[in-house]
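So the sequence lines, in the order shown, correspond to chains A and B.
Residue numbers for the first sequence follow the numbering used here, beginning at 99 and rising by one.
Residue numbers for the second sequence follow the numbering used here, beginning at 4 and rising by one.
The C-beta atom is built at its ideal place from N, Cα and C for all residues, glycine as well.
The structure presented is a predicted model; accordingly, all values stated were derived computationally and were not measured.
All remarks here apply to the structure that follows.
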Amino acid sequence: MSAAPPTDLVPVTIDGQEIAVPKGTNVIEAARRVGVDVPFYCYHPKLSVVGNCRMCLVELGQPAVDLATKAPVMDPVTGRQRIDWIPRPQIGCATNVTPGLHVRTQTPQIKACREGVMEFLLINHPLDCPICDQAGECKLQEQATGYGRGYSRFIEQKNVKPKRTQLGPRVMLDDERCILCSRCIRFCKEIAKDDVLGFTDRGSYSTLTCYPGRQLTNNYSLNTVDLCPVGALTSTDFRFKMRVWFLKQTPGIDPESSAGANTVVWSREGVIYRITPRDNDAVNDSWMADSGRELYKQVRSPGRLAGVRVAGTPAALDAAVAQAGELFRAAAGRVAVVGSGRSSVEEQWLTRRLTEALQAPAWLVSRVGEGDGLLVSADRNPNVRGALVTGLIRSLPTQRLDELTAAIDAGRVTTVVAVGEDLAAAGLTRAQLAKVKIVHLGTAASPTSEASAVLLPALTLYEKAGCFVNQQFRLQRFQRAVPGPAGAHDDLELLARLIGASGGAVAPADLAGVWREVAAALPALAGRTFTTVPDLGLALDPAPFAGLPFIEGPGLHYTPAKG
Amino acid sequence: MAVVPVARPPLTLAERSYLPQIAAGLRTTWRHLVRPKQTLEYPEQRPALPPGYRGVPTLVRDPHGREKCVSCQLCEFVCPPKAIRITPGEIAADATTAHVEKAPKEFEIDMLRCIYCGMCQEVCPEEAIWLQNQFSMTGTSREEMVNRKDRLYELGGTLPDQHLKWDRKAAAEQAGNDLH
């Protein structure tokens, strides 16, 4: 025998491959580590184990020992310790590894078990694949191909159940397709803490339903759609919109709050169809809030700014930038910059460069909502910490720009650069907006865009790449999913041109260039480039900002520092 | 390489007079004049098409007049020249075919792109798209060469259906309801 492994590691043998896995790992996860696929439906790594789909049946065995002497019983044929196999198969999800456990997943018995389970699951499953939104990412399809028997022996009439049950405002249930795995029920109970789903009736009549008088309305309801291994739960927003095999997946970040849930943006030919969570065990596990999934609609919103304007009339970008430069020169020393907690780290760096070139003070607008203790935090700006890291601001932003309005009223500020922020929403009156010259970078029409002397249409989050720093001081990258509309320009390019117009040193207008500057100037990001930010984020040191009174409450994987 | 001059053989009297050649040519002409005709008076006459002919792709209805396409977009996916473009839609809950749930809102086949390969017909799980005998597509603009949904159904008409799976589904639902 080799040296005993550390106590928290348990040696197991799966299909002849030996591996040591942490104590408490179940057989499915242990098998995954050696590349053995154990199929399952009801099991989910982040939910409790119920073991009701029976798809993960495996054969288990232990090395034989003599009951009286505890001496190993040797197999005379192989010369090794004999393995005593449990005669009946066991479920892998609910079996945690024990020292010396042997697992077989490829025996005729297991093959027969899987075929049997598949056959029962498919008995009443409708032949809906051509009209089913899950087709292409359906576990039942995949495992029928991998482990099914390939033909049906069922000649009776299939069960017919309701196909359009509205469980909540965003979730539709197709009862026929449900395989009763109960993942959605467990998610609502354990993660969303909104125990609203349950099964009624028995046997073939079993039905997923809401508790009487209740609806699946919580802000995490769409995670049940992601969880559903079949097409039973569908999103009313995405229903029948596009087949998933056409969609391109782009990694993104949920911008609705500083929780910074990792997302996948699904698009086809420049149109975004849906947003789903991306697994990140350090931030959002496998979940995200419903509210963050609808934000892609701003890309094609009716109020989208479509062209460069100078004093309300369409202009070329060069002319607009030159006009901004003249405004800066005319108001030298009386310019203020309003940055945004919604800008990426790269844009905030260039905003800081702009404030330095203009020798102007910088403000940020804070957005405060109620944190839900999960993945929507109280700070509704995704990147306030990015502004701290880049040095754009030194203290936390306020919700109203009272200092700025006072300076405007007193005539100390006559020109304002608003980078992605609506000044009216931040507390400026129409009279104050009219009193100053505004250079505005934005995506949507607002009182600020209407009052702008120079209006520069920019890109939404989904049309550009960059990084956010979330509440855990985790630097997370998002990529460009779709191209921007005609008439809009990349924020980095606009900021770099404004820096040029303000007489500052030449600023980079692309991500690689900004990162060269950032890596040289900020010790926290020294030696980094945009492409080497890990997919699951880069934890930055929060220590330099430990004294600041951050407003977030506890959330998933986040505990506020004691202040 | 050396050039080898080859002496041209002198022409015979028959060759010089050219008459036998004219006679042989006229014989060929006369033979074709009296032979049965090989050509058709297109477009008044149309050729008989062999079974399995792959003409213009069309959408068909089942014998009860239901549009068979459920906009699964498999043909759009498989189409090698990307000639097909489908906008999926939902069947209204109060329609008689509400249990089918899905139907194309718009279905376009760009006949300037189509290569008549028939893969759309092969892949269709509902037997809704067929390359039938229509082979002559003309138009004076690019837009005219795009067959939209109404035109596709006009070209396709109705084909017999051996499965009628959605009717069987409706029957099963009825049977289930009668049971309770």
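Exercise. So, using beta-carbon positions, are A/Gly439 and A/Pro495 closer together than 8 angstroms?
Worked result: Translated into positions along the first sequence, residue 439 of chain A becomes position 341. Translated into positions along the first sequence, residue 495 of chain A becomes position 397. Yes; because the gap between Cβ atoms is below 8 angstroms, this pair is in contact.
Problem set entry | Secondary structure, alpha helix (DSSP H): runs of 4+ residues fully inside the stretch 183 to 271 of chain A | 206 to 221 and 237 to 245
Exercise. Is it the case that the Cβ atoms of B/Cys78 and B/Val126 are separated by a distance below 8 angstroms?
Worked result: The residue labelled residue 78 of chain B in the question sits at position 75 within the second sequence. The residue labelled residue 126 of chain B in the question sits at position 123 within the second sequence. Cβ atoms of B/Cys78 and B/Val126: closer than 8 angstroms.
For this session: Classify B/Leu158 as helix, strand or coil using the three-state DSSP reduction.
Result: Locating residue 158 of chain B in the second sequence gives position 155, where the first residue counts as 1. Correct three-state label for B/Leu158: helix.
Exercise. Quick one: does A/Ala118 have its CB under 8 angstroms from some CB of chain B?
Worked result: Counting from 1 along the first sequence, the entry for residue 118 of chain A is found at position 20. Judged by the 8 angstroms Cβ criterion, A/Ala118 is not in contact with chain B.
Problem set entry | Buried or exposed by the 16-neighbour rule on C-beta atoms within 10 Å, applied to B/Asn180 | Taking the second sequence and counting its residues from 1, one reaches residue 180 of chain B at position 177. B/Asn180 is exposed by the Cβ-count criterion.
For this session: Can you have a look at B/Ile25 and say buried or exposed, based on whether 16 or more other CB atoms are within 10 angstroms of its CB?
Result: As a first step, residue 25 of chain B is located in the second sequence; it is residue number 22 there, counting from the start. Per the 10 Å Cβ criterion, exposed.
Exercise. For B/Asp113, which residues does DSSP report across the bridge?
Worked result: Taking the second sequence and counting its residues from 1, the one referred to as residue 113 of chain B is at position 110. Answer is B/Val149.
Problem set entry | Residues that DSSP places opposite A/Phe297 in a beta bridge | Within the first sequence, numbered from 1, the residue matching residue 297 of chain A stands at position 199. Its beta-bridge partners are A/Leu306.
Problem set entry | Limits of the unbroken beta strand (DSSP E) element including A/Lys346 | The residue you call residue 346 of chain A lines up with position 248 of the first sequence. Annotation: the continuous beta strand (DSSP E) that includes A/Lys346 extends over Lys346 to Ile351.
Problem set entry | Contact set between the stretch 331 to 349 of chain A and chain B, restricted to residues whose Cβ is under 9 angstroms from the partner | Arg337, Phe338, Lys339, Met340, Arg341, Trp343 and Phe344
For this session: Apply the 10 Å Cβ neighbour rule to A/His223 and answer buried if 16 or more other Cβ atoms are within range, or exposed otherwise.
Result: As a working note, residue 223 of chain A is residue 125 in the first sequence. Taking a 10 Å sphere around the C-beta of A/His223, we find 16 or more other C-beta atoms and assign the residue as buried.
For this session: Taking A/Asn316 as the reference, give the member of A/Cys286, A/Lys339 and A/Phe297 with the closest Cα.
Result: Numbered from 1 along the first sequence, position 218 holds the residue referred to as residue 316 of chain A. For A/Asn316, the nearest C-alpha among the options comes from A/Cys286.
Problem set entry | A/Pro642 (DSSP reduced to helix, strand or coil) | As a first step, residue 642 of chain A is located in the first sequence; it is residue number 544 there, counting from the start. The answer is helix: DSSP assigns A/Pro642 an H, G or I state.
Exercise. Under a three-way DSSP split, which group does B/Val122 fall into?
Worked result: Counting from one through the second sequence, the residue named residue 122 of chain B turns up at place 119. The amino acid occupying residue 122 of chain B in the given sequence is Met; Val does not appear at that position. If DSSP states are grouped into helix, strand and coil, B/Met122 belongs with the helices.
Exercise. If we call anything under 8 angstroms between Cβ atoms a contact, is A/Gln457 one with A/Ala485?
Worked result: For the purposes of this step, residue 457 of chain A is taken as the residue at position 359 of the first sequence. For the purposes of this step, residue 485 of chain A is taken as the residue at position 387 of the first sequence. No, these two residues do not count as a Cβ contact at 8 angstroms.
Exercise. How do the stretch 475 to 492 of chain A and the stretch 517 to 528 of chain A stand: do at least 3 beta-carbon pairs fall below 8 angstroms, yes or no?
Worked result: Touching, no, given that fewer than three Cβ pairs across the two stretches are closer than 8 angstroms.
Problem set entry | Residues bridged to A/Leu158 (per DSSP) | Counting from 1 along the first sequence, the entry for residue 158 of chain A is found at position 60. Partner(s): A/Val201.
Exercise. Alpha helix (DSSP H) containing B/His35: first to last residue?
Worked result: Numbered from its first residue, the second sequence carries residue 35 of chain B at position 32. Residues Leu22 to Val37.
Problem set entry | Buried or exposed (CB count within 10 angstroms, at least 16 for buried), B/Leu22 | The sequence position of residue 22 of chain B within the second sequence is 19, counting from 1. With fewer than 16 Cβ atoms within 10 Å of its Cβ, B/Leu22 is classed as exposed.
Exercise. Name the DSSP bridge partner or partners of A/Met172?
Worked result: Within the first sequence, the letter at position 74 stands for residue 172 of chain A. Looking at the DSSP assignment, A/Met172 forms a beta bridge with A/Gln179.
Exercise. Who are the neighbours of A/Arg247 on chain B, taking C-beta pairs under 8 angstroms?
Worked result: Counting from 1 along the first sequence, the entry for residue 247 of chain A is found at position 149. Counting only Cβ-Cβ distances below 8 angstroms, A/Arg247 has no contacts in chain B at all, with the closest Cβ about 20 angstroms away.
For this session: Report the three-state DSSP secondary structure of A/Ser100 (helix, strand or coil).
Result: Translated into the one-based positions of the first sequence, residue 100 of chain A becomes position 2. Note that A/Ser100 scores 49 on pLDDT, short of 50, meaning its location in the model is unreliable; the coordinates nonetheless yield the value given after this. Coil at A/Ser100, not helix or strand.
Problem set entry | Exposure of A/Asp324, with buried meaning 16 or more beta-carbon neighbours within 10 Å | Taking the first residue of the first sequence as 1, we reach residue 324 of chain A at position 226. A/Asp324 comes out buried.
Exercise. Hey, would you say B/Lys108 sits closer than 8 angstroms to B/Ile94, going by beta carbons?
Worked result: What you label residue 108 of chain B is simply residue 105 of the second sequence in a count that begins at 1. What you label residue 94 of chain B is simply residue 91 of the second sequence in a count that begins at 1. No, they are not a contact pair.
Exercise. Should the stretch 274 to 291 of chain A be regarded as contacting the stretch 135 to 143 of chain A, the criterion being three or more beta carbon pairs within less than 8 angstroms?
Worked result: yes
For this session: Along the beta strand (DSSP E) that carries A/Val125, what are the first and last residues, could you check?
Result: The residue you call residue 125 of chain A lines up with position 27 of the first sequence. Here A/Val125 belongs to no beta strand (DSSP E); instead the alpha helix (DSSP H) covers Val125 to Arg131.
Exercise. Between the stretch 226 to 242 of chain A and the stretch 289 to 306 of chain A, do three or more beta carbon pairs fall short of 8 angstroms?
Worked result: With the rule of 3 Cβ pairs closer than 8 angstroms, the stretch 226 to 242 of chain A does not count as touching the stretch 289 to 306 of chain A.
Exercise. What's the call for A/Pro260, buried or exposed, on a 16-neighbour Cβ count within 10 Å?
Worked result: Counting from one through the first sequence, the residue named residue 260 of chain A turns up at place 162. Exposed, by the Cβ-count rule.
Exercise. Which residues bound the alpha helix (DSSP H) around A/Glu501?
Worked result: Within the first sequence, numbered from 1, the residue matching residue 501 of chain A stands at position 403. Its alpha helix (DSSP H) spans residues Asp500 to Asp507.
Exercise. Taking the beta strand (DSSP E) that A/Arg575 falls in, what are its first and last residues?
Worked result: Counted from its first residue, the first sequence places residue 575 of chain A at position 477. Where A/Arg575 is concerned, the enclosing beta strand (DSSP E) stretches over Arg572 to Phe576.
For this session: Along the beta strand (DSSP E) that carries A/Lys535, what are the first and last residues, could you check?
Result: Within the first sequence, residue 535 of chain A is the residue found at index 437, counting from 1. Start and end: Lys535 to Gly540.
For this session: Go to A/Ser547, then tell me how far its alpha helix (DSSP H) extends in each direction, as first and last residue.
Result: Residue mapping note: residue 547 of chain A aligns to position 449 of the first sequence, counting from 1. Run containing A/Ser547: Pro545 to Ala549, per the alpha helix (DSSP H) assignment.
Problem set entry | Contact set for A/Gly582: own chain, Cβ-Cβ below 7 angstroms, skip 5 residues either direction | Indexing the first sequence from 1 puts residue 582 of chain A at position 484. Closer than 7 angstroms at Cβ, skipping near neighbours: Leu557 and Glu561.
Problem set entry | Simplified DSSP state of A/Val148, which is helix, strand or coil | Counting from one through the first sequence, the residue named residue 148 of chain A turns up at place 50. Reduced to three states, the DSSP call for A/Val148 is coil.
For this session: Using the DSSP secondary-structure output, state which residues sit across from A/Ala413 in a beta bridge.
Result: Against the first sequence, residue 413 of chain A aligns to sequence position 315. Paired residue(s): none; A/Ala413 is not in a bridge.
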